[in-house]
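As given, the protein sequences belong to chains R and U, one line each in that order. First residue of the first sequence? That's 0 in numbering that gives the first Met the number 0, and the numbers climb one at a time after it. First residue of the second sequence? That's 0 in numbering that gives the first Met the number 0, and the numbers climb one at a time after it. Scroll down for the structure; my scribbles are underneath it.
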Amino acid sequence: MAKRIEDLLQELGRRAVEAAPPGLSETIKHQIPDRIMTPRWGKDTVNIIVHLKVSRVAAAAAIVISLVVFGGVFGRGAGWYQDIRGMVNEFVSREDSSRSSLANVYEDMASNGVEVVYYGQYANSQDPTQILMHWKLPEGDYRVVFSNGRVVRVSAEELIRLQSNMIRDWRQ
Amino acid sequence: MSLETQDSTEQNSGLRHLIDVQDSRQSAAQQGQAEWLTHLQSGDRAAAEKLVDQYYQRIYLYMRQLGHNRQASEDLTQEVFMKAWYHLGQLRNGSTLSGWLFRIAHNVSCQHWRRRGRREAAVGEGIELRAEDNMGQEIREDRVAYTEQLERLQLAVEGLSLKLRQTIVLHYLQGFPISAAARVAGIREGTFKSRLNQALEALRRKTDTYQGS
């Protein structure tokens, strides 16, 4: 009887014909991003450790040690941060050259996979509430650089509020 | 050399040739998939579109077989591919594209059930079954009975718990071998086999009940 049911199930699989709604494949193709994600070292490390079923504390320790020993990630992150602080100060005093330098930092961060947004072309350096640049931190919060050089760390909700204020100012 | 020995030698060489042909086809397919994967991971849009063309229909059907209604299946199929673009970096050479994509689909489906419960189950939206073509008059009546039997079995599958249903869908309806199906479901092979046996036993009981009624 079990064999009979197995045969019937296989036949059921062969006969199931329901077609997807028309246009679904085109919709999915439109959603293909311009930049498909390429392998990322940090994420792969996490996956390997998860696959090995190591405890979370051990996994966290292994990731931190790996980043410090092999990646130099903290050094690089601090480097960006210092670069940006210096350039923002320059941006406030001497606009044109520092704007292009900041744009270069943006390019550098973006090409390294950091989720960064740069408003340099639109931000008004005289208005301290204008966001110059923001990027996502590994913990999920955002680092925001204002046009007066102030650098703050905010949550996603706070960032949305700041962006809304900025867009409202642009409209006025 | 006797005639019998000569026949056996010819059969062996024929068999060897068949195995060689099969091996070379398999290796060409693996090489093709490896190249495809390389193109995908380098951000080649054409390779991504090929992935959509090849799998969107199967993923949609998988969602329907897992009990999602048509609208939800459409949305979830889109979600599967969105996640696929994001997680493409985690796909390794040697792992199959279909196994990887179905693993994402499995997770997306589970998340959906967790978020929404089974309120949106496809009640009254059974999957259509294709009728057999080119039947002779003498076997047509048998075929009608056979189709009814299939429909009863489909109802029984729909009545299974989610975990048991997943095993039936992956192994029998989608045709994954047990080891690959277990990987898609994210469980050990032994656990998968045990669930499969439970599911078959439940189906046997249910179809007995239908036949009795």
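Glycine included, C-beta positions come from ideal geometry on N, C-alpha and C.
Query	Result
For U:F191, the nearest candidate out of U:A198, U:A181 and U:L199 (CA to CA)	U:A181
U:F80: first and last residue of the uninterrupted alpha helix (DSSP H) it sits in	R69 to H86
Alpha-carbon to alpha-carbon, U:R102 and U:M62	12 angstroms
Bridge partner(s) assigned by DSSP for R:W134	R:V115 and R:R142
Presumed contact (8 angstroms Cβ cut-off) between U:H105 and U:L75, rounded CB distance	Rounded, the Cβ-Cβ distance is 11 angstroms, inconsistent with contact.
Nearest to R:Y127 (by Cα), restricted to the options R:V104, R:R149, R:V116 and R:Q30	According to the sequence displayed, residue 127 of chain R carries Pro and not Tyr. Minimum Cα distance to R:P127 is reached at R:R149.
9 angstroms Cβ cutoff, U:L65 in contact with chain R	no
Test: U:A47 CB closer than 9 angstroms to a CB of chain R	yes
Classification of U:T37 by the beta-carbon crowding that lies within 10 angstroms, buried from 16 upward	exposed
Residues that R:G148 contacts on chain U, provided the C-beta gap is smaller than 9 angstroms	Residues of chain U passing the Cβ test: none, with the nearest at roughly 35 angstroms.
9 angstroms Cβ cutoff, U:D52 in contact with chain R	yes
Interface flag, R:I166 vs chain U, CB-CB below 9 angstroms	no
C-beta contact flag for R:Q162 and R:F145 at 9 angstroms	no
Residues near U:Q197 by beta carbon distance below 8 angstroms, same chain, minus five either side	L163
Candidates U:R44, U:E78 and U:A33, of which the one nearest U:Y55 by Cα	U:E78
Contact list for U:Q77 against chain R, beta-carbon separation under 9 angstroms	L23, T26, I27 and Q30
Backbone secondary structure at U:R129 - three-state DSSP	coil
Beta-carbon separation (whole angstroms), R:Y141 vs R:M132, contact threshold 8 angstroms	With 8 angstroms as the limit, R:Y141 and R:M132 do not qualify as a contact, their Cβ atoms being about 10 angstroms apart.
Partner residues on chain R for U:T206, Cβ-Cβ distance less than 8 angstroms	I4
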